[in-house]
Amino acid sequence: MTIYKTDQIRNVVLLSHGGAGKTSLCEAMLYNSGAIKRMGRVDDGNTVSDYDPEEIRRKISLQLSLVPYEWNETKVNVIDVPGYTDFVGEMLSGIQVANAALVLVDAVAGVEVGTELVWGYADRRQLPRLVFINKMDRENADFEQALASLREQFDANFVPLQLPIGKQMDFRGVVDLVTMKAYLGEEGKKADIPAELRDRAEEARVQLVEAAAETDDALIEKYLEGGELSPQEIIGGLQQSVREGMMIPVLCGSALKNIGVQLLMQALVDFVPSPKATGMVTATNPATGKEETLGADAAGPLAALVFKTLADPYVGRLNFFRVYSGTLASDSRVYNVSRGKEERIGQLYMMRGREQTPVAQVVAGDIGAVTKLAETRTGDTLADKGHPLVLSTISYPYPLYEVAVSPKTQADSAKLGSALTRLCEEDPTLRWRQEPSTRQVILAGMGETHVSIGVRRLEEKFGVKVTTSIPKVPYRETVTRSASGHYRHKKQTGGAGQFAEVHMEIKPLPRGAGFEYDTSRVFGGAISSSFFPSIEKGIKSVLERGVLAGYPIQDVRCEVYDGKEHPVDSKDIAFQIAGREVFKKVFMEAGPVLLEPIMKMTITVPEEFMGDVLGDLNTRRARVLGMEQRKGKSVVTAQAPLAEIQRYGTDLRSMTQGRGVYEIEFSHYEIVPSHIAEEIIAAAKREKESG
C-alpha cells in the first residue's frame with residue numbers, strides 16, 4: 012500500500028447496535044476499492060474483518076478489526092468494532108484513535124439500544140459523525156421513520172445528503188442532493204432524478220444548502236442574494252459544519268447489495284476530517300512534568316498510542332498503534348514511556364483483517380501494527396527516548412460480571428496464570444485475580460457472553476480447560492468492641508517442653524485501617540522482646556484464615572500487655588501458638604461481625620422503567636443515593652451489597668427490555684445484617700466439616 016501523507020488519511024470508527032451491518036459494509040467498501048475481488052458474507056464466515064473462529068461460529072463481531080482501503084487518492088482506515096455491548100472495550104479502543112464515527116442505523120428498527128450507547132461514547136470524545144441508514148432493501152424498511160427516530164432520540168441537526176429511490180424490495184438507488192443526480196444499482200450508474208422524487212429532492216436540498224452556507228459568511232451572503240452554490244462550495248461548507256458538530260449528514264443504502272456504498276465512501280473522504288484538520292493533541296513530558304501540544308506532523312517528535320494487543324500463542328504479541336506525531340519506521344528503536352523500557356521495532360505492518368502487509372514506515376495520523384514487542388501493552392505510549400511523551404490513555408469500565416475458574420487437570424493448573432494474563436492483554440475489559448479471602452481465581456468481564464467467550468478462548472487459543480462457577484463473596488471479619496484475655500500454652504513431653512503465656516487486648520479500628528500490633532504496654536521483662544515477632548506471627552496466621560467463617564480479619568488493633576515465659580521451655584513456636592490462641596479467644600469476645608463489600612452503582616434506564624428498577628433495588632438491600640434526568644433517561648445512583656448484584660445485568664435487561672445499562676465500582680465494606688451473617692457462618696461450618 013502507498014504511504015499517504017497525513018492530510019490524505021481518514022480514521023473512522025464504525026458504530027451501531029449489533030446486527031446493523033457494519034461487517035457487510037466493510038466488505039462492500041473493500042470490494043468497491045478493489046482491495047478484494049469478491050464480497051464475503053457473515054453467514055458464510057468469509058468476511059475480512061470477522062476472522063476469529065469464535066466470530067465465525069457466532070456470526071457476530073467480537074473484536075476490533077482494521078479495514079483500510081484506498082479511494083480517490085485517500086487512505087481510509089475503517090475501524091470495525093463490535094456492536095454487542097459486552098465488548099465495549101473494543102468499541103472504546105476504536106473510538107479513542109478515530110477522527111470521526113460512522114453510525115449505522117437499521118432502516119427497519121431505527122435507533123436501538125446499542126445505537127443510544129455508542130452515541131453516548133462518541134459524545135464523550137466529541138467525535139464528528141455521519142449516519143448511514145442501512146438495509147434499505149429489507150421488508151418494512153422506512154428511511155423517513157429511521158430519520159425521525161434519530162431526531163427524536165438525539166439532540167443534533169440531522170441533514171439528509173441522499174434520498175432513497177424505491178422502497179423495500181424495490182430499493183434500487185439513491186438521489187445525491189449535492190449533485191442532484193440519481194445513482195442506480197451496484198455500479199452507481201448516474202441518471203436523472205425520477206420525476207416522482209424531483210419536488211422532494213428540491214425541498215431536501217434547500218435544507219442541505221442552508222446547513223452548508225451557515226458556516227461561511229461568504230457562502231451565506233451568496234445564498235441570501237439568490238446565488239446558486241456549486242457542489243464544491245456545498246461540500247466545503249459541510250466539511251466545516253460536520254467537523255464542528257453543527258450538523259450530521261445522513262446517507263442511506265444497502266451494504267449487502269452494495270447500493271449507495273460508493274457515495275458513502277466518497278462522503279467519508281469529503282466529510283471526515285483528516286488527522287491534520289482535527290487540531291492538536293496534548294501529551295505530558297515526564298522529564299519536565301509539563302504538557303506539550305502536538306500537531307499531526309510527520310516531522311514532529313514521535314508519539315504513538317498502542318490501542319489494541321493481540322496475543323498469538325505462536326507468533327507472540329501483535330500491537331496495534333496510531334501515530335499522533337512524528338514517524339515510526341521499521342527496524343528502529345523506540346522508548347515505551349509508560350513502562351520506562353526501550354523496545355526494538357522490527358517490521359511494521361498495515362493490517363487488513365488478519366492480513367499483514369509490510370510497510371517501511373507509519374506517518375503521523377496513520378495506523379499500523381508491530382509484532383514481538385517485549386514489554387508493550389494496550390494504553391502504552393511509544394516515543395523517542397530523548398523526547399519522552401505520554402498520551403492520554405483509554406479509560407475502560409469496571410467489569411460487571413465475574414466467574415470463579417478452576418483448572419480441569421494438573422496440567423491446566425500449571426498454565427492457568429500465564430494463559431489468563433495473555434487473554435486479558437488482548438482485552439483490557441477482561442481482568443483476572445486471585446481472591447485470597449475465598450482462595451478462588453476470578454475472571455471478570457462486561458457480561459456473561461463476554462466471559463464465556465473468554466473461557467472458550469482459553470481452551471482454543473491457549474490450551475487451558477477450566478470449569479466456572481459463581482464466585483464466593485469476599486467477606487471480611489472484624490470486631491465491634493474492645494475485649495481482653497490471656498492464654499497459657501504449656502506442653503511437657505519428657506524432654507524440653509514448651510511454655511508461653513500471653514495477655515492481649517483487641518480493639519476495633521476505623522473501616523479500612525487494616526491491622527495494628529503493639530507491645531508497648533509490656534514492661535518489667537514479663538516477655539522478652541525477642542518473642543514479640545513470634546506472637547505477631549501467630550496472630551497473622553489467624554488473620555488470613557479468620558475465626559468466624561474462614562474469611563480474612565481486618566480493622567483490628569492487638570495490644571499485648573502482659574505475659575510469662577520460662578527460662579528453658581519458652582521458645583519461638585510456643586509464643587506463636589500462644590499468640591494465635593489468645594487472639595482467637597479474645598476475638599470471639601470482642602463482638603465479632605462479618606463485613607461485606609458494598610458496590611456503588613450508576614444505573615441508566617428509560618423513564619418508563621424507573622419504578623420497576625427502584626422496586627427491584629429495594630429487594631436487594633440497596634440504598635438509593637440520588638436520581639436525575641439526562642436527555643430523557645433516568646439515572647439512579649445507589650449502593651448495594653455485592654452478594655445481591657452478582658448477576659444484576661441479566662435482571663436489568665429483563666426489566667428494561669434490554670434498554671437499561673449500569674456501571675459498578677467498589678465502594679467500601681459494611682457489617683452484614685445478623686440474620687444473614689448467621690446463614691453465612693453456618694454454611695462455612697458445613698463446608699469445613701464436609702471438606
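Residue numbers in the sequence shown follow the numbering used here, run continuously in steps of one, and reach 702 at the last position. Just so it is clear, CB atoms sit at the ideal spot from N, CA and C, and this is done for glycine as well.
Selected residue, minimal CA-CA separation from residue 612, among 649, 606, 408 and 339: 649
Beta-carbon gap between residue 83 and residue 21 smaller than 8 angstroms: no
Every unbroken alpha helix (DSSP H) inside the region 546-608 [4 residues or more]: 583-598
Contact check, residue 153 vs residue 173, beta carbons under 8 angstroms: no
Residue nearest to residue 401 in terms of C-alpha spacing, selected from 334, 149 and 419: 334
Residues that DSSP places opposite residue 323 in a beta bridge: 327
8 angstroms contact criterion, which residue 430 and residue 482 should meet: CB distance rounded: Their Cβ separation, rounded to whole angstroms, is 19 angstroms, which puts residue 430 and residue 482 out of contact at 8 angstroms.
Sequence ranges, alpha helix (DSSP H) only - wholly within the region 627-699, length at least 4: 659-666
Beta carbon proximity, residue 612 to chain C, threshold 8 angstroms: The structure shown contains no chain C, having only a single protein chain.
Simplified DSSP state of residue 62, which is helix, strand or coil: coil
Paired residues, beta bridge with residue 103 - DSSP: According to DSSP, which records beta bridges pairwise, residue 103 is partnered with nothing at all.
Distance CB(residue 389)-CB(residue 345) smaller than 8 angstroms: no
Segments assigned beta strand (DSSP E), at least 3 residues, entirely inside the region 509-538: 509-519 and 526-529
Whole-angstrom distance between residue 435 and residue 704, CA atom to CA atom: Because residue 704 is not part of the residues shown, which for the chain are 12 to 702, the question remains open.
Rounded C-alpha distance that separates residue 150 from residue 119: 8 angstroms
Integer Cβ distance of residue 567 from residue 490, believed to fall under 8 angstroms: 6 angstroms
Rounded separation between residue 364 and residue 79 - CA only: 9 angstroms
Assigned exposure category for residue 445 - 16 Cβ within 10 Å defines buried: exposed
Neighbourhood of residue 189 by C-beta distance below 6 angstroms, restricted to the same chain and skipping five residues each side: 242 and 245
Closest Cα partner of residue 486 within the set 512, 26, 565 and 66: 565
Integer Cβ distance of residue 262 from residue 278, believed to fall under 8 angstroms: 6 angstroms
CA nearest to the CA of residue 357, picked from 366, 561 and 329: 329
Local conformation of residue 74 per DSSP, three classes: coil
Contact under 8 angstroms by Cβ, residue 40 with residue 168: no
Same chain, Cβ closer than 7 angstroms to residue 122, five either side skipped, listed in chain order: 116, 160, 161 and 164
Nearest residue (CA-CA) to residue 260, options 274, 266 and 267: 274
Assigned exposure category for residue 629 - 16 Cβ within 10 Å defines buried: exposed
Neighbourhood of residue 311 by C-beta distance below 7 angstroms, restricted to the same chain and skipping five residues each side: 305, 336, 337 and 375
Status (buried if at least 16 other CB within 10 Å, exposed otherwise) for residue 64: exposed
Delimiting residues of the beta strand (DSSP E) encompassing residue 398: No beta strand (DSSP E) holds residue 398; DSSP gives it neither H nor E.
Residue 332: CB within 7 angstroms of a non-hydrogen atom of the ligand ADP: In terms of ligand content, the structure shown is empty, and the ligand ADP therefore cannot be addressed.
Beta-carbon spacing of residue 93, residue 113 below 8 angstroms: no
Residue 458 versus residue 410 - alpha carbon distance: 8 angstroms
Identified DSSP bridge partners for residue 614: 647 and 673
Identity of the residues DSSP links to residue 498 by a beta bridge: 513
Under 8 angstroms between C-beta atoms of residue 607 and residue 553: no
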